[in-house]
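These notes concern the structure reproduced below.
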Amino acid sequence: MRPVVVTAGATRNPVDAIRYLSAHSSGRTGGLVAAALAADGADVTMLASPEAWLRLQAERPADAARVACIEYGSTDDLLQKLRAWVQAHPGGLVVHAAAVGDYAVADRSAGKLPSGRAELVLRLRPTPKIIDLVRDWDPTVHLVSFKAAPPGTDAPELERIARAQLARTGSRLVFANVIGNLQGLVLLVDRDGTTTHTDRGAALEDLFERLRDAVGRVH
14 MRPVVVTAGA TRNPVDAIRY LSAHSSGRTG GLVAAALAAD GADVTMLASP
64 EAWLRLQAER PADAARVACI EYGSTDDLLQ KLRAWVQAHP GGLVVHAAAV
114 GDYAVADRSA GKLPSGRAEL VLRLRPTPKI IDLVRDWDPT VHLVSFKAAP
164 PGTDAPELER IARAQLARTG SRLVFANVIG NLQGLVLLVD RDGTTTHTDR
214 GAALEDLFER LRDAVGRVH
């Protein structure tokens, strides 16, 4: 069986000692993936934000007990921990569901920025695109990625966006949905075609079955 790592939650890129830039992500989908595969006996590691891990422990305590959790903070922290896992587990299954911050503060304050200013200007730098690096670390990795498209994206455009990610990252499968439409349109896009779901629960069950197949397949 392939070892599995699932990323879940959102990165926190520090602004100062107490503030950070982040994204809206509960980590629930990544937690459900980790729980489903661990319940089937897979060797699952979850790279999780603190909130994502607490949520899995609260909602699925028995399954959470079967998952090895490594918490991450910033985008750079997640990159380093995911790279270490991938390089230690050649040919593993990577399910990259985390919401990764695309920008970090260029000149982070070591202390706390004073409050009460009329204006605060932050200079941001782009962070590495983690999903684009995974197959550089291990060309044999089985990569499954997620893509959230802007509100209002229709099915043809969502498929185009997902196929572009499939080609750019070398993913075996892309789980694509539209922001703000969590119960609606979901596409599962791979090299052989596209499966369209209009119910997120059914889409997740389809995803779980494909991942179970990938865990049991070594080539």
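In the numbering used here, the protein residues as written are 14 to 232. Built from N, CA and C at the ideal position, the CB exists for glycine as well. Predicted model only: the values in this text are computed from it and were never measured.
Residue i - containing beta strand (DSSP E), residue span
i: Ala117; result: 116 to 118
i: Leu106; result: 106 to 109
Cα-Cα separation between residue i and residue j, rounded to whole angstroms
i: Leu92; j: Thr140; result: 10 Å
i: Ala168; j: Thr211; result: 11 Å
i: Val231; j: Arg15; result: Any reading at Val231 must be qualified, since the residue scores a pLDDT of 49, below 50, and its modelled position is unreliable; no value is offered.
i: Asp151; j: Ser184; result: 12 Å
i: Ala177; j: Asp205; result: 14 Å
i: Asp53; j: Ala36; result: 31 Å
i: Ala48; j: Arg79; result: 8 Å
i: Val154; j: Thr88; result: 21 Å
i: Ile143; j: Pro127; result: 32 Å
i: Ile192; j: Leu67; result: 24 Å
i: Asp56; j: Ala175; result: 28 Å
i: Glu222; j: Ala123; result: 46 Å
i: Glu132; j: Val228; result: 51 Å
i: Asp90; j: Glu84; result: 9 Å
i: Arg213; j: Asp115; result: 26 Å
i: Ala30; j: Thr209; result: 44 Å
i: Ser39; j: Ala161; result: 14 Å
i: Arg148; j: Val99; result: 9 Å
i: Gly22; j: Phe159; result: 13 Å
i: Ala71; j: Cys82; result: 14 Å
i: Leu69; j: Val118; result: 30 Å
Host alpha helix (DSSP H) of residue i (start-end)
i: Pro139; result: Careful: Pro139 lies outside any alpha helix (DSSP H), inside the beta strand (DSSP E) at 137 to 139.
i: Asp149; result: 143 to 150
i: Lys94; result: 88 to 101
i: Leu224; result: 213 to 229
i: Leu50; result: 41 to 52
i: Ile174; result: 168 to 182
i: Pro74; result: 74 to 77
Which residues DSSP lists as bridging residue i, in chain order
i: Tyr60; result: Residue 60 is actually Leu in this sequence, not Tyr. Answer is Thr20, Ile83.
i: Val187; result: Ser158, Val202
i: Leu34; result: Asn26
i: Ala112; result: Ala23
i: Thr207; result: Val202
Residue i beta carbon near the ligand COA (any heavy atom closer than 6 Å)
i: Arg213; result: This structure simply doesn't include the ligand COA, nor any ligand for that matter.
Original post:
Any contact of the segment 39 to 52 with the segment 99 to 113, i.e. 3+ C-beta pairs under 8 Å?
Top reply: Taking 8 Å as the limit for Cβ pairs, the verdict is that the segment 99 to 113 does touch the segment 39 to 52.
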